[in-house]
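Using the numbering used here, count along the sequence shown one by one with no gaps and you end on 526.
Glycine included, C-beta positions come from ideal geometry on N, C-alpha and C.
It should be emphasised that the depicted structure is a prediction, and the values quoted were computed from it without experimental measurement.
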Amino acid sequence: MVKISIILPITSKEGGIVNCLRSILNQSFQEFELILINTGASKKIIKEAHEFKKKDNRIKFLNETISDIPSAKNAGIVHAQGDYIGFIDIHDMMHSNMLEILYSEMLLNKADISICDFKPIEEGVYLSHESEVLKNKVAIHEAKILNNQEALRYLYSTDRTFTMNWNKLYKKELIAQYPFPKDTLDEEEFTAHQLLFQSTTVVYIKADLYFYVIVPGRKGSITPITMTKQMFKKMKALYERVNLFHSNNLPELEKLALRHFSEHFFWYYIESQKALPDASRERKEIFKLFKKLYPKIIMNKSENIKKKIVYSVFIVSPNLYNQLTVNLERRKEGA
Numbered sequence: 192m193v194k195i196s197i198i199l200p201i202t203s204k205e206g207g208i209v210n211c212l213r214s215i216l217n218q219s220f221q222e223f224e225l226i227l228i229n230t231g232a233s234k235k236i237i238k239e240a241h242e243f244k245k246k247d248n249r250i251k252f253l254n255e256t257i258s259d260i261p262s263a264k265n266a267g268i269v270h271a272q273g274d275y276i277g278f279i280d281i282h283d284m285m286h287s288n289m290l291e292i293l294y295s296e297m298l299l300n301k302a303d304i305s306i307c308d309f310k311p312i313e314e315g316v317y318l319s320h321e322s323e324v325l326k327n328k329v330a331i332h333e334a335k336i337l338n339n340q341e342a343l344r345y346l347y348s349t350d351r352t353f354t355m356n357w358n359k360l361y362k363k364e365l366i367a368q369y370p371f372p373k374d375t376l377d378e379e380e381f382t383a384h385q386l387l388f389q390s391t392t393v394v395y396i397k398a399d400l401y402f403y404v405i406v407p408g409r410k411g412s413i414t415p416i417t418m419t420k421q422m423f424k425k426m427k428a429l430y431e432r433v434n435l436f437h438s439n440n441l442p443e444l445e446k447l448a449l450r451h452f453s454e455h456f457f458w459y460y461i462e463s464q465k466a467l468p469d470a471s472r473e474r475k476e477i478f479k480l481f482k483k484l485y486p487k488i489i490m491n492k493s494e495n496i497k498k499k500i501v502y503s504v505f506i507v508s509p510n511l512y513n514q515l516t517v518n519l520e521r522r523k524e525g526a
């Protein structure tokens with residue numbers, strides 16, 4: 192009987208899929224299905240995936256090519272037979288006990304979401320399903336039981352652990368309510384706060400059960416991530432998060448969300464002036480969001496006074512802010 196559905200969008204990126212598939216199929220927990228969705232993968236990768244499918248009837252291949260990963264995830268959820276949903280990225284691997292631990296803790300604590308820690312590993316480090324790290328049984332682990340507000344605070348105190356999809360199990364009835372927005376690079380940012388907020392109980396397992404492979408273009412890589420116009424969409428998600436906390440009278444979470452929004456806004460706006468000079472429309476759009484939240488940001492007692500001054504100059508005129516910054520840099524060079 193299928194209890195868990197694991198969704199794997201297959202991208203065009205070369206490498207990684209063999210170890211990824213092996214780590215899933217060699218789980219100690221066996222009552223799952225693996226749903227593969229083609230999002231424009233190379234013929235080589237598709238062929239490798241079909242070779243695995245011939246040998247294991249738990250693998251399902253959706254008979255359609257979907258152009259973007261968020262839409263592929265949505266399609267996977269619709270076709271899923273399991274009551275619990277998980278995800279994995281094509282580069283990455285699961286510890287052999289990951290599903291067993293996430294599932295058992297979920298049932299034990301009657302949780303809506305179960306979450307584990309993840310371990311970044313460098314690309315090229317041989318860490319297949321045969322390695323000691325992947326096959327050693329996790330006998331002892333700490334599980335924290337959180338209510339929705341406690342879980343939401345972890346959005347701001349952990350590095351993506353409570354945001355990303357790939358280190359979690361969700362009740363299908365929960366995650367099906369919040370489809371991922373199409374054509375976004377940070378689709379989890381739009382749904383993470385909604386899913387945690389709607390949960391009664393979240394269980395957080397303090398064990399590295401997911402292996403995140405660092406490749407060029409992914410966070411943690413020494414190769415800089417290329418900035419694109421699609422990245423600006425994340426600001427809408429962070430804006431919606433502030434409004435969610437405000438409308439539900441959660442002032443402490445709202446303060447954290449405001450700071451998170453303002454820090455990201457400044458980075459996107461300033462960096463894009465150099466990296467994406469033709470993204471003036473996108474900068475105007477996120478500036479409008481910043482202006483809407485500016486009164487709350489200034490009134491936020493937990494925000495640094497120096498930052499408030501910077502924000503106040505910026506809200507008057509981004510060009511004035513840029514000129515002041517240039518003048519300060521010249522003074523430093525001349526000192």
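Terminal residues of the beta strand (DSSP E) in which residue i lies
i    : result
E494 : Per DSSP, E494 belongs to no beta strand (DSSP E) and is neither H nor E.
I197 : 195 to 201
K359 : 359 to 362
Cut-off 8 Å between Cβ atoms - residues of its own chain near residue i, not counting five sequence neighbours on either side
i    : result
T256 : N229, T230, G231
Inter-residue Cα distance where the pair is residue i and residue j
i    : j    : result
S305 : V404 : 21 Å
H384 : I496 : 28 Å
D374 : Q421 : 8 Å
A334 : Y294 : 12 Å
L299 : V394 : 10 Å
R344 : F456 : 20 Å
Y502 : W357 : 35 Å
L253 : P442 : 44 Å
Start-to-end residues for the alpha helix (DSSP H) that takes in residue i
i    : result
T349 : Premise fails: T349 is in no alpha helix (DSSP H) and is neither H nor E.
K424 : 424 to 438
I281 : Neither: I281 is in no alpha helix (DSSP H) and is coded neither H nor E.
A232 : No alpha helix (DSSP H) contains A232, which DSSP labels as neither H nor E.
E443 : 442 to 466
E380 : 378 to 388
Cβ pair residue i, residue j closer than 7 Å
i    : j    : result
E538 : K251 : Nothing can be reported for residue 538, as the shown portion of the chain is limited to 192 through 526.
K264 : I312 : no
E291 : S219 : yes
S196 : I276 : yes
E378 : P261 : yes
F215 : I236 : For clarity, residue 215 is Ile in the given sequence; the question names Phe instead. Contact: no.
I591 : F436 : Shown here, the chain extends from 192 to 526; a query on residue 591 therefore has no answer.
D274 : K410 : no
V406 : H282 : yes
Contacting residues, own chain, Cβ-Cβ under 6 Å from residue i (five flanking each side not counted)
i    : result
E380 : K425, A428
Neighbourhood of residue i by C-beta distance below 7 Å, restricted to the same chain and skipping five residues each side
i    : result
T382 : Y369, F371
A466 : M418
I279 : I197, L199, C211, I215, M285, W357
A367 : I268
Q. Does the count of Cβ pairs from the region 393 to 409 and the region 284 to 292 closer than 8 Å reach three?
A. yes
(Q) Is it the case that the region 437 to 457 contacts the region 473 to 482, given that we only count it when at least three CB pairs across the two stretches are under 8 Å? (A) yes
(Q) Taking 8 Å as the cut-off, does the region 262 to 269 touch the region 238 to 247 (at least 3 CB pairs, one atom from each stretch)? (A) no
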